[in-house]
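Chemist:
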Amino acid sequence: MIVPTQHLDPRIFGKDVPMAAIRSGFGDGLVIAAERDANVVGLCADLTESTHMLPFKEKFPGRFVELGVAEQNLAGVGSGMAAMGKVPFITSYAMFSPGRNWEQIRTTICYNDRPVKIAGSHAGVSVGPDGGTHQAIEDIAITRVIPRMVVLSPCDAIEARKATIAAASTGTPVYLRLAREKTPVMTTDDSPFEIGRAQIWWDTAQAGPPLQPQVTIIATGALIHQALGAAREVASKGIGSIVINLSTIKPLDAETIVAAVKRARRVVTVEEHQIAGGMGSAVAEMLAQRMPAPQEFVGVRDEFGQSGTPEELIVHYGMDLPHIVAAVERVMHL
Amino acid sequence: MGPGRARTSSDVMTTSPTNGHEMVELDDAAIEKLELTANSIRESIITMLLAAGSGHTAGPLGMADIFTYLYLHGLRHQPSNPAWPDRDRLVLSNGHICPVLYAAMAYAGYFPIEELQTLRKFGSRLQGHPHRERLPALETSSGPLGSGLSQAVGMAIADRIDNASSDRTIYCLLSDGEHDAGATWEAGMLAGKERLRNLIGIIDRNNIQIDGFTETIMPLEPIADKWRAWNWHVIEIDGHNFRSIDGAIREAKAVFEKPTMIVAHTIPGKGVREFERKYEWHGKPPDQAQGKMALDELRTLGGQIRAEHEGPR
């Protein structure tokens with residue numbers, strides 16, 4: 006039922022699935038992007054190591070700027086460098102960039118039409134023990150609402166590497182949502198990735214014997230691993246589904262989503278983010294106009310995060326596999 | 036050379052050409068021309084605000100001399116070729132004084148002077164606060180205070196990455212009121228750390244902001260010492276004296292391994308006695324009667340400037 010053309014790692018459901026942090030894929034991708042384009046520069050606000058900018062800094066010291074704990078300045082300086090033809094990647098924790106410096110991002114980068122790439126690490130509650138102050142669960146909402154902004158939310162380290170390389174050449178502002186913890190590496194070098202394209206990872210119509218899909222599960226970020234597990238579990242109960250990896254939240258791939266929902270007319274969205282304004286909201290806004298569908302939202306329900314292990318927090322806020330299964334079962338009754 | 040002393044261009048001429056950009060010496064005739072142009076720009080500012088029916092009066096009038104100096108003399112630029120890659124960059128951080136920016140650009144030849152009358156109108160390239168997309172000759176869009184210096188610092192760093200011996204100058208014009216914003220200081224610290232000799236800031240030190248006098252709202256003094264503490268070279272000048280402005284710019288270009296901040300003491304509303312030094316004129320336009328009074332005074336003043344220069348010689 007895994008769609009073979011996705012070239013996902015065969016160990017995806019196993020205990021031996023490789024693990025890596027999404028932010029480390031960003032670090033790898035930044036070095037590659039910088040090797041390809043001499044205009045790529047890196048700016049950081051006192052978090053060089055934990056945003057995985059260190060390899061870039063060591064390889065290209067003359068193209069790295071350390072600004073200290075100054076995220077508003079980070080955005081403005083990035084805009085100014087872009088004005089001179091640079092392709093700046095500005096990095097911090099998502100809570101601070103695009104959290105603290107939203108207006109500078111909106112005005113000096115997006116309104117000003119400067120192709121600055123905002124890499125926000127430590128997004129989601131899975132930041133863990135640092136607690137609610139550092140868990141950005143509003144970042145998708147505040148970035149996707151800004152005109153011109155491309156919003157990327159890669160699902161694993163390999164996809165983060167590809168997203169970073171692709172972000173460097175869009176000519177637009179980009180928000181790259183990154184996570185701190187090690188999470189399953191589900192994609193491979195051969196897996197398709199393109200900004201603006203949703204990827205269908207799971208389709209029970211392609212199973213042998215085929216099972217008519219009834220639910221379209223759309224997930225973004227590392228939680229797609231849980232969503233796939235949920236799809237497998239409900240399939241064993243006779244509920245067929247399609248699972249979409251939505252790593253580009255804006256621009257939204259309406260064609261792929263509408264085509265899937267035509268086949269499986271109930272929708273469950275899964276994201277490590279506030280339900281309000283997040284990826285599920287983006288999907289609902291589009292479907293309400295193109296193909297109205299019953300929808301369940303898996304995400305944070307108007308609360309702040311707190312300390313705990315990533316696993317504890319994902320369970321507590323209702324975003325783990327059993328909660329996704331429950332959401333699928335609920336949407337079947339809508 | 037310490038701050039606080041009025042300078043003449045001869046003070047700095049010997050050390051000025053560090054950057055290969057030889058500015059023309061300002062003689063009396065050139066200064067007279069700049070003064071007359073500044074006066075015309077002030078008249079345009081009044082007529083623009085009258086046509087727009089909204090906008091800021093005090094700041095644009097107060098900065099007319101500095102903008103006239105930059106756009107008609109100091110800047111290395113090509114108004115007929117705004118995208119010329121080797122041009123200096125000018126970032127206006129306090130975008131609300133854009134009537135003076137637009138007027139100076141029009142007088143420099145970027146667009147027809149008649150277009151100034153479209154300020155703030157639907158479909159105009161002259162948005163209420165500058166928008167680069169509408170008017171591509173602008174270096175940036177601005178208005179929200181405290182963001183311009185960051186962008187100028189980014190430009191200066193990028194310029195140095197491309198060419199360590201670049202002789203391009205990045206100018207940033209700031210208000211005093213926007214020093215209340217922490218982001219201004221974030222940018223100032225970075226510029227000092229990076230020793231951006233290609234960066235010149237000019238503060239419109241007019242002592243007013245919307246709610247009142249700056250030293251009442253949020254005291255800024257000692258503003259020059261604050262910039263020195265961030266490792267900037269600081270020069271204080273009379274912002275209405277073209278020789279002082281010219282001397283300060285030349286001195287700034289001669290300074291190595293430091294950015295320079297020029298604290299330009301200006302009179303808000305300069306040129307129209309009724310508007311001068313009154314914070315009430317920060318954010319409102321004149322009505323028709325006040326506008327007529329202002330234009331009459333500026334036209335008379337223009338005559339005075341001409342007479343003064345004609346007199347003693």
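Heads up: the sequence lines are chains A and B, in that order. So the mapping is simple: the numbering used here equals the position in the first sequence, first residue as 1, plus 5. So the mapping is simple: the numbering used here equals the position in the second sequence, first residue as 1, plus 35. Beta carbons: idealized from backbone N, C-alpha and C, even for Gly.
Can you find the residues in the same chain that come closer than 8 Å, C-beta to C-beta, to residue 317 of chain B, ignoring five residues on each side of it along the sequence?
Modeler: Counting from 1 along the second sequence, the entry for residue 317 of chain B is found at position 282. Hits under 8 Å: 91, 92, 93, 94, 243, 244, 245 and 303.
Chemist: Hey, does residue 166 of chain B have any beta-carbon neighbour from chain A nearer than 9 Å?
Modeler: What you label residue 166 of chain B is simply residue 131 of the second sequence in a count that begins at 1. Residue 166 of chain B counts as touching chain A.
Chemist: What ranges does the alpha helix (DSSP H) occupy inside the region 227-309 of chain A, keeping only unbroken runs of at least 4 residues that lie completely in it?
Modeler: With a minimum length of 4 residues, the continuous alpha helix (DSSP H) runs that stay inside the region 227-309 of chain A are 229-241, 259-268 and 284-295.
Chemist: Does the Cβ of residue 178 of chain A have 16 or more other Cβ atoms within 10 Å, making it buried, or fewer, making it exposed?
Modeler: To locate residue 178 of chain A, count along the first sequence from 1; it is residue 173. Buried.
Chemist: Using a 10 Å radius around the Cβ and a threshold of 16 neighbouring Cβ atoms, would you call residue 178 of chain B buried or exposed?
Modeler: Indexing the second sequence from 1 puts residue 178 of chain B at position 143. Its Cβ being crowded by 16 or more others within 10 Å, residue 178 of chain B is buried.
Chemist: Of all Cβ atoms in chain B, is any one closer than 9 Å to the Cβ of residue 91 of chain A?
Modeler: Position 86 of the first sequence, counting from 1, holds the residue named residue 91 of chain A. Residue 91 of chain A counts as touching chain B.
Chemist: Apart from the five residues on each side of it in sequence, which residues of its chain come closer than 8 Å, Cβ to Cβ, to residue 147 of chain B?
Modeler: The residue given as residue 147 of chain B occupies position 112 in the second sequence. Excluding residues within five positions, the ones whose Cβ falls inside 8 Å are 141.
Chemist: Here's the rule I'm using: 16 or more other beta-carbon atoms within 10 Å means buried, otherwise exposed. How should residue 173 of chain B be labelled?
Modeler: Here the question's residue 173 of chain B lines up with position 138 in the second sequence. Residue 173 of chain B comes out buried.
Chemist: Distance cutoff 9 Å, beta carbons only. Does residue 186 of chain B sit that close to anything in chain A?
Modeler: Here the question's residue 186 of chain B lines up with position 151 in the second sequence. Residue 186 of chain B counts as touching chain A.
Chemist: Is residue 19 of chain B helix, strand or coil when you go by DSSP?
Modeler: Residue 19 of chain B is absent from the structure shown; chain B starts at 36 and stops at 348.
Chemist: Would residue 19 of chain A count as contacting chain B if we go by Cβ distances under 9 Å?
Modeler: One-based indexing of the first sequence puts residue 19 of chain A at position 14. Residue 19 of chain A does not count as touching chain B.
Chemist: Residue 51 of chain A CB to nearest chain B CB: under 9 Å?
Modeler: Here the question's residue 51 of chain A lines up with position 46 in the first sequence. So, not an interface residue.
Chemist: Assuming contact is defined by CB atoms lying nearer than 9 Å, are residue 278 of chain A and residue 129 of chain A in contact in what I supplied?
Modeler: Here residue 278 of chain A refers to the residue found at position 273 when the first sequence is read from its first residue. Here residue 129 of chain A refers to the residue found at position 124 when the first sequence is read from its first residue. It is a contact, given that the beta carbons lie within the stated cut-off.
Chemist: By the three-class DSSP mapping on this structure, what secondary structure does residue 156 of chain A have?
Modeler: Here residue 156 of chain A is taken as the residue at index 151 of the first sequence, counted from 1. Of the three classes helix, strand and coil, the one that applies to residue 156 of chain A here is strand, per DSSP.
Chemist: Quick one: what does DSSP say residue 201 of chain A is sitting in, helix, strand or coil?
Modeler: For the purposes of this step, residue 201 of chain A is taken as the residue at position 196 of the first sequence. Three-state result, residue 201 of chain A: coil.
Chemist: Got a sec: is the Cβ-Cβ distance from residue 210 of chain B to anything in chain A below 9 Å?
Modeler: Along the second sequence, one-based indexing puts residue 210 of chain B at 175. By this cut-off, residue 210 of chain B is not an interface position.
Chemist: Hey, how far is the Cα of residue 207 of chain A from the Cα of residue 248 of chain A?
Modeler: Sequence index remark: in the first sequence, residue 207 of chain A carries index 202 (1-based). Sequence index remark: in the first sequence, residue 248 of chain A carries index 243 (1-based). Taking the straight line joining both Cα atoms gives about 5 Å.
Chemist: Which class does residue 140 of chain B belong to by DSSP, given the choice of helix, strand or coil?
Modeler: Taking the first residue of the second sequence as 1, we reach residue 140 of chain B at position 105. Residue state, collapsed to three classes: helix.
Chemist: Taking residue 321 of chain A as part of the beta strand (DSSP E), name the residues at either end of that continuous run.
Modeler: For the purposes of this step, residue 321 of chain A is identified with residue 316 of the first sequence, where counting begins at 1. That residue, residue 321 of chain A, is in no beta strand (DSSP E); its alpha helix (DSSP H) goes 315-321.
Chemist: Just the C-alpha distance for residue 204 of chain B and residue 168 of chain B, rounded to the nearest angstrom, thanks.
Modeler: The residue given as residue 204 of chain B occupies position 169 in the second sequence. The residue given as residue 168 of chain B occupies position 133 in the second sequence. Using only the alpha carbons, I get a separation of about 23 Å.
Chemist: With a threshold of 6 Å on Cβ separation, who are the neighbours of residue 326 of chain B within its own chain once the five nearest residues in sequence on each side are excluded?
Modeler: For the purposes of this step, residue 326 of chain B is identified with residue 291 of the second sequence, where counting begins at 1. Contacts found: 81 and 85.
Chemist: According to DSSP, is residue 212 of chain B part of a helix, a strand, or is it coil?
Modeler: By one-based count along the second sequence, residue 212 of chain B stands at place 177. Residue state, collapsed to three classes: helix.
Chemist: Give a yes or no on whether the minimum CB-CB distance between residue 329 of chain B and chain A is below 9 Å.
Modeler: Here the question's residue 329 of chain B lines up with position 294 in the second sequence. So no, residue 329 of chain B is outside the interface.
Chemist: Measuring alpha carbon to alpha carbon, tell me which of A:19, A:311, A:41 and A:281 ends up nearest residue 174 of chain A.
Modeler: Residue mapping note: residue 174 of chain A aligns to position 169 of the first sequence, counting from 1. That would be A:41, whose Cα lies nearest to the Cα of residue 174 of chain A.
Chemist: Any idea what DSSP makes of residue 247 of chain B, helix, strand or coil?
Modeler: Here the question's residue 247 of chain B lines up with position 212 in the second sequence. Strand, per DSSP.
Chemist: Look at the alpha carbon of residue 77 of chain B and the alpha carbon of residue 97 of chain B, and state the distance between them as a whole number of angstroms.
Modeler: What you label residue 77 of chain B is simply residue 42 of the second sequence in a count that begins at 1. What you label residue 97 of chain B is simply residue 62 of the second sequence in a count that begins at 1. The alpha-carbon atoms of residue 77 of chain B and residue 97 of chain B are separated by roughly 9 Å.
Chemist: What's the gap between the Cα of residue 328 of chain A and the Cα of residue 204 of chain A?
Modeler: On the first sequence, residue 328 of chain A is found 323 positions in, with the first residue counted as 1. On the first sequence, residue 204 of chain A is found 199 positions in, with the first residue counted as 1. Whole-angstrom Cα-Cα distance: 23 Å.
Chemist: Per the DSSP calculation, residue 47 of chain A is bridged to which residue(s)?
Modeler: Residue numbering aside, residue 47 of chain A sits at position 42 when the first sequence is read from its first letter. In DSSP, residue 47 of chain A forms a bridge with A:69 and A:94.
Chemist: Roughly how many whole angstroms lie between the Cα atoms of residue 80 of chain A and residue 207 of chain B?
Modeler: For this step, residue 80 of chain A is matched to residue 75 along the first sequence. For this step, residue 207 of chain B is matched to residue 172 along the second sequence. Between residue 80 of chain A and residue 207 of chain B, the C-alpha separation is close to 17 Å.
Chemist: Using the rule of at least 16 other Cβ atoms within 10 Å of the residue's Cβ for burial, across every protein chain shown, is residue 227 of chain B buried or exposed?
Modeler: Here the question's residue 227 of chain B lines up with position 192 in the second sequence. Its Cβ being crowded by 16 or more others within 10 Å, residue 227 of chain B is buried.
Chemist: Report the three-state DSSP secondary structure of residue 46 of chain B (helix, strand or coil).
Modeler: If you number the second sequence from 1, residue 46 of chain B lands on position 11. With a pLDDT of only 32 at residue 46 of chain B, under the threshold of 50, the placement of this residue in the model should not be trusted; the figure read from the coordinates follows. Reduced to three states, the DSSP call for residue 46 of chain B is helix.
Chemist: What do you get for residue 31 of chain A, buried or exposed, if any count of 16 or more other CB atoms within 10 angstroms of its CB means buried?
Modeler: In the first sequence, counting from the first residue as 1, residue 31 of chain A sits at position 26. By the 10 Å Cβ count, residue 31 of chain A comes out buried.
Chemist: From residue 321 of chain B to residue 107 of chain A, what distance separates their C-alpha atoms?
Modeler: If you number the second sequence from 1, residue 321 of chain B lands on position 286. If you number the first sequence from 1, residue 107 of chain A lands on position 102. So the alpha carbons of these two residues sit roughly 35 Å apart.
Chemist: Quick check on the burial criterion: 16 or more other C-beta atoms within 10 angstroms. Buried or exposed for residue 285 of chain A?
Modeler: Within the first sequence, the letter at position 280 stands for residue 285 of chain A. It is buried - the Cβ of residue 285 of chain A has at least 16 other Cβ atoms within 10 Å.
Chemist: When the distance is taken between beta carbons, is residue 248 of chain B closer than 9 Å to residue 104 of chain B?
Modeler: For the purposes of this step, residue 104 of chain B is taken as the residue at position 69 of the second sequence. For the purposes of this step, residue 248 of chain B is taken as the residue at position 213 of the second sequence. Contact flag unset, no.
Chemist: Please go through the same chain and pick out, in chain order, the residues whose beta-carbon is closer than 6 Å to the beta-carbon of residue 99 of chain B, but skip the five residues on each side of it.
Modeler: What you label residue 99 of chain B is simply residue 64 of the second sequence in a count that begins at 1. So the list reads 73, 76, 77 and 135, once near-sequence residues are dropped.
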